[in-house]
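If you're matching them up, the sequences are chains A and B in order. Count along the first sequence from 1, then add 498; that gives the number in this note's numbering. Count along the second sequence from 1, then add 65; that gives the number in this note's numbering.
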Amino acid sequence: MRLLNIASALLLAGVVSAPALAQEIDRPECVAPAKPGGGFDLTCRIAQQGLEKQLNGPMEVTFMPGGIGAVAINLFNTTRTDDPNAIVAFSSGSLLNMATGKYGQWGANDVRFLATAGTDYGAVIVRDDSPYKTLDDLMKVVEKDPGSVVMGAGGSVGSQDWMKAAILLKSKELDPRKMRYVAFDGGGEAIAGLLGGSIQVYLGDVGEMVSHLGTGEMRILATLSGERLPEPFADIPTAKELGYDAEWPIVRGYYMGKDVPDEAYNKWVDVFKAAYGTDEWAKLVKDKGLLPMDLSGKEMDADMKKRVERMTGIAKDAGLIQ
Amino acid sequence: MDAVFSGLASGFAVALDPFNLFLVLAGCFAGTLIGALPGIGPINGVAILLPIAYGLGFKPESAIILLAGIYYGAEYGGRISSILLNVPGDAGAVMTTLDGNPMARNGEAGKALSLSAVASFIGGTFSVILMSFFGPALASYAITFSPSDYVALMVFAFASLASLVGSNPVKTLLAAVIGLMLASIGIDANTGVARFTFGIPDILAGIDFLVVVIGLFGMAELIHLVEQQAAGTLKTLKIDKSFVTMKDLAFVKWTILRGSIIGFFIGILPGTGASVASAVAYGTEKRAARDASRFGEGDMRGLAAPEAANNASAGGAMVPMLTLGIPGSGTTAILLGALLLFNVTPGPLMFSQRPEIAWGLIASMYIGNIALLIINLPLVGLFARMLTIPQQFLTPLIAVLAFVGVYSVVSNPHDLYMITALGVFGWFLRKLQFSLAPVILGFVLGGLFEDNLRRALSISAGDWTILVSSFNSIALYLMAFLVVVVPIALSRRRRRLDEAESPKAPA
């Protein structure tokens with residue numbers, strides 16, 4: 499069957515003289531630097547299912563948990579620096595770890611960013627019966643006394659969940675260290691904390707709210723996106739249009755080792771570019787709760803490096819690093 | 066109430082569909098095996114099989130029925146290796162080793178396996194019944210549990226476990242402190258600072274619970290076996306054909322009921338699961354027992370309580386997931402992800418929008434529990450024969466299974482070194498006559514205690530009175546106090562009564 503596939507692909511390649519990409523990538527592999535079931539798993543599944551046609555078969559997904567992605571980046575900087583067949587999933591959280599030095603000596607220049615899977619955005623969420631009807635209501639109180647509102651999210655201080663709150667405060671020149679921030683173990687527990695009244699504001703993600711919209715339990719005060727999002731979020735203002743310069747996109751994508759030759763790197767870029775245009779890819783990204791973001795190659799690499807730089811700035815301002 | 070009955074009726078129509086019925090049975094059977102293998106527990110079983118279920122293109126209700134079957138099947142199966150090998154099959158089965166394994170060593174392996182199967186069945190069924198009738202109300206109560214209430218719950222858990230303090234309280238305390246220290250490794254959630262990681266990236270996120278359980282229990286047990294074998298002191302066990310009797314069940318009926326209630330309520334709280342539930346159930350049972358002297362040496366109550374509790378908690382954890390869309394445990398978080406993968410939105414709307422999934426799943430849990438009992442009872446004899454495998458074959462087999470299990474789940478070679486090192490450490494502790502259960506409990510409860518205490522204090526901006534400001538927490542502190550004081554008072558009184566009856570007994 500596989501032989502048949504390859505044979506027909508070769509034939510096709512010969513006929514239309516298009517670059518035959520797939521069969522040149524030998525046993526493609528997507529490394530999810532976490533345990534099964536989380537966001538990195540999801541990122542790899544998108545590549546696995548979305549690139550199936552382009553790669554002539556599903557690629558293997560392997561898991562490499564340990565140290566919030568540090569183990570994987572370590573490996574790809576020591577032994578597999580030039581592995582042409584493997585891509586590694588990353589998220590904005592990984593970029594933040596690079597920016598704040600959580601990955602030790604490895605930073606944004608030690609990998610080759612390859613392509614994006616999609617993006618999600620931060621969201622400011624309150625319980626339905628909250629006295630804060632708009633982001634302005636909330637921010638007025640916060641401006642008066644940053645410690646008067648209990649905010650919470652699913653990650654520790656210094657994590658990307660905390661950053662959402664920190665940049666919101668920074669947009670009004672408030673000191674993020676003065677806020678009352680409660681670190682929960684994952685979004686589920688934080689939502690329980692919000693509904694149970696332990697916290698007043700939850701800094702969550704737009705994607706996870708899809709399943710809670712329409713239940714009348716929670717309201718999104720603002721999204722932390724650059725522009726208005728498509729349905730079902732079209733009615734929700736962005737923090738930016740309300741006058742708060744707070745944007746927090748959560749990018750999901752893939753990187754490769756830094757010594758991967760251009761030839762192999764470009765092959766992968768072409769694979770992603772071929773998939774980006776298709777309806778299957780668009781549907782897949784949407785089904786996994788992400789919004790489309792099709793960036794690959796040099797352009798994407800530069801964009802990610804810029805993001806890391808910006809995060810370094812925010813982290814410095816917030817007192818996370820010296 | 067009518068809605069519940071008509072919902073259940075439609076649910077059974079879905080669950081009794083021949084294909085779905087087959088999936089329930091297949092899931093339960095696979096789950097039992099997954100649970101029995103040291104290392105792979107319900108979380109990993111469900112996570113590993115989720116892509117397969119998705120890939121096979123099942124209908125959403127069929128896929129979720131299969132995955133749920135694996136979930137509670139694994140909670141059932143975890144007891145098998147706990148009892149037979151003294152190696153917990155998963156995190157919720159740690160307490161099962163305390164009395165289950167001594168029973169097997171006393172030649173009552175069959176009885177231990179069958180009794181725990183019945184206890185699991187009752188615990189599981191109890192929680193499904195409560196879930197179908199009071200699910201939404203219970204879930205909205207569960208989320209009012211604030212971090213400060215969790216602190217009180219942990220205090221209660223520690224108090225009920227004070228009964229674990231064996232002949233040497235200092236060693237028990239030291240063991241608990243070791244557990245606490247292990248739990249403090251990794252990035253601190255409140256400040257983002259890495260603690261005790263010594264620059265090793267593999268432990269930045271902390272040590273996985275599974276690694277601690279397999280290392281301290283599994284590996285240490287294996288080293289112990291090898292040592293006994295080398296010294297020639299290893300007893301070979303005879304095949305035993307013992308089985309649970311009605312008399313045994315009558316003896317533990319209240320134990321099972323108490324275990325089920327405790328397990329269910331701890332299960333519905335988001336953030337606590339089978340390991341906390343079984344620990345509290347065991348501790349309470351030992352405290353409540355009139356004669357607790359045989360606990361730890363093969364008391365049936367010490368086996369029935371944690372088994373009823375961990376299966377009841379599996380059902381309890383489903384409640385907030387189904388009714389609110391909030392996962393109550395790691396495994397239900399993955400089930401929630403599975404529902405989303407099928408474009409099904411868990412939460413209150415699921416019961417009106419996709420009743421076939423919500424009620425089909427609940428009905429399948431009734432069927433699954435019965436199926437597990439039917440699958441498990443005849444297999445008791447087969448499993449019990451495992452003990453007659455010569456140790457020189459069994460020991461390496463368990464070692465291989467444990468290594469493969471851990472690697473298949475975490476796939477980080479570093480964790481294989483960790484379980485080996487923890488195994489050697491655990492063996493030394495055993496040599497020094499430390500009990501290992503307090504280490505595990507210190508690890509689980511201590512971590513939860515610290516996280517929630519600091520959450521509570523960040524909510525109150527450092528005001529400690531938040532800890533006693535809700536009804537839930539005050540009630541729990543009161544119960545903690547009673548659990549410590551009442552048994553002492555009772556035994557004093559009994560002693561006084563004994564003395565009064567035989568005042569002139571010669572010294």
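Cβ atoms here follow ideal geometry from the backbone N, Cα and C, with glycine treated the same way.
Given that residue i touches chain A, what residues does it touch there, using C-beta distances under 9 Å?
i: ASN255 of chain B; result: SER654, VAL655, TYR679, VAL680, ALA681
Strictly below 8 Å CB to CB, what residues from chain A border residue i?
i: SER211 of chain B; result: GLY691, GLY694, GLY695, SER696
i: GLY189 of chain B; result: Going along chain A, no residue has its Cβ under 8 Å from GLY189 of chain B, so there is no contact; the nearest lies around 23 Å.
Could you name the residues of chain B that residue i contacts, counting a contact when the two beta carbons are closer than 9 Å?
i: VAL569 of chain A; result: PRO266, ASP267, LEU269, ASN477, HIS479
i: PRO526 of chain A; result: By Cβ distance, chain B contributes nothing, its closest Cβ being about 17 Å from PRO526 of chain A, past 9 Å.
i: GLY817 of chain A; result: Residues of chain B passing the Cβ test: none, with the nearest at roughly 11 Å.
i: GLY645 of chain A; result: ALA526
Would you mind reading off the limits of the beta strand (DSSP E) that contains residue i?
i: MET596 of chain A; result: It is not in any beta strand (DSSP E) - MET596 of chain A instead sits in the alpha helix (DSSP H) that spans 590-598.
i: MET649 of chain A; result: 648-651
i: ALA532 of chain A; result: That residue, ALA532 of chain A, is in no beta strand (DSSP E); it is neither H nor E in DSSP.
i: MET415 of chain B; result: Unbroken run through MET415 of chain B is the alpha helix (DSSP H), 413-418; no beta strand (DSSP E).
i: LEU701 of chain A; result: 699-703
Run the CB neighbour count on residue i, radius 10 Å, all protein chains shown included, and call it buried at 16 or more, exposed below.
i: GLY380 of chain B; result: buried
i: SER417 of chain B; result: exposed
i: ARG561 of chain B; result: exposed
i: GLY714 of chain A; result: exposed
i: LEU121 of chain B; result: exposed
i: LEU426 of chain B; result: buried
i: THR827 of chain A; result: With chain A running from 499 to 820 in the structure shown, residue 827 of chain A is simply not present.
i: LEU782 of chain A; result: buried
i: VAL551 of chain B; result: exposed
i: LEU519 of chain A; result: For LEU519 of chain A, the pLDDT reaches just 45, beneath the cut-off of 50, and the residue's location in the model is therefore unreliable, leaving the point undetermined.
i: ALA568 of chain A; result: buried
i: LYS533 of chain A; result: buried
i: VAL533 of chain B; result: exposed
Please return the same chain residues whose Cβ sits closer than 8 Å to the Cβ of residue i, not counting the five positions on each side in sequence.
i: VAL345 of chain B; result: PHE221, ALA222, SER225, LEU226, ILE327, ILE331, ALA374
Could you give the residue range of the alpha helix (DSSP H) that holds residue i?
i: ALA374 of chain B; result: 365-389
i: PHE574 of chain A; result: 568-576
i: VAL609 of chain A; result: Run containing VAL609 of chain A: none in the alpha helix (DSSP H); it sits in the beta strand (DSSP E), 609-625.
i: MET716 of chain A; result: Run containing MET716 of chain A: none in the alpha helix (DSSP H); it sits in the beta strand (DSSP E), 716-721.
i: ILE578 of chain B; result: In the structure displayed, chain B extends from 66 to 572; residue 578 of chain B sits before or after that span and is not available.
i: GLY244 of chain B; result: 234-248
i: TYR561 of chain A; result: Tyr is not the amino acid found at residue 561 of chain A; the sequence shown has Phe there. Where PHE561 of chain A is concerned, there is no enclosing alpha helix (DSSP H), although the beta strand (DSSP E) it sits in stretches over 558-561.
i: TYR347 of chain B; result: 339-353
Can you list, in chain order, the residues of its chain whose CB lies under 6 Å from that of residue i, leaving out five sequence neighbours each side?
i: GLU173 of chain B; result: SER307
i: PRO371 of chain B; result: MET160, THR161, SER343, ALA346, TYR347
i: ARG578 of chain A; result: GLY755
i: ILE819 of chain A; result: THR598, ALA813
i: PHE360 of chain B; result: LYS351, GLY367
i: ALA545 of chain A; result: CYS528
i: THR541 of chain A; result: ALA587, ALA615, ARG750
i: VAL341 of chain B; result: ILE331
i: THR262 of chain B; result: ILE268, LEU269
i: GLY548 of chain A; result: ALA773, TRP779, LEU782
Against residue i, what residues of chain A qualify as contacts under a CB-to-CB distance less than 7 Å, listed in chain order?
i: GLY390 of chain B; result: SER709, HIS710
i: ILE208 of chain B; result: ALA690, LEU693, GLY694
For residue i, which residues in chain B fall below 7 Å Cβ to Cβ?
i: PRO674 of chain A; result: The premise fails here: PRO674 of chain A is roughly 12 Å from chain B at the closest Cβ pair, so nothing lies under 7 Å.
i: VAL648 of chain A; result: ILE524
What residues in its chain sit with their C-beta under 7 Å from that of residue i, if we drop five residues either side in the sequence?
i: ALA118 of chain B; result: ALA128, LEU131, LEU132
i: ASP801 of chain A; result: LEU793
i: GLY110 of chain B; result: GLY96, ILE99, ILE135, ALA139
Which residues in chain B sit within 8 Å of residue i, going by Cβ to Cβ distance?
i: THR614 of chain A; result: Going along chain B, no residue has its Cβ under 8 Å from THR614 of chain A, so there is no contact; the nearest lies around 21 Å.
Quick one: which residues of the stretch 773-798 of chain A get their C-beta closer than 9 Å to a C-beta of chain B? List them in chain order. Against chain B - using a Cβ distance shorter than 9 Å - the residues of the stretch 773-798 of chain A are ASP785, LYS786, GLY787.
Contacting positions in the stretch 566-596 of chain A - beta carbon closer than 7 Å to chain B: Under the 7 Å Cβ criterion, the stretch 566-596 of chain A contributes ILE566, ALA568, VAL569, ASN572.
Below 7 Å between beta carbons is the criterion; list the residues of the stretch 507-520 of chain B that meet it against any residue of chain A, in chain order. Residues of the stretch 507-520 of chain B with a C-beta atom less than 7 Å from some C-beta of chain A are ASP516, ARG520, listed in chain order.
What residues from the stretch 404-417 of chain B come within 7 Å of chain A, judged by C-beta to C-beta, listed N to C? Sequence-ordered contacts of the stretch 404-417 of chain B with chain A read LEU405, ASN408, THR410, PRO411, GLY412, PRO413, LEU414 [C-beta pairs closer than 7 Å].
Listed in chain order, which residues of the stretch 312-344 of chain B have Cβ atoms closer than 8 Å to some Cβ of chain A? So the close ones are PRO335, GLY336.
Taking only beta carbons into account, state which residues of the stretch 709-737 of chain A come closer than 7 Å to chain B, listed in chain order. Near chain B, meaning a CB-to-CB distance below 7 Å, the residues of the stretch 709-737 of chain A are SER709, HIS710, GLY712, THR713.
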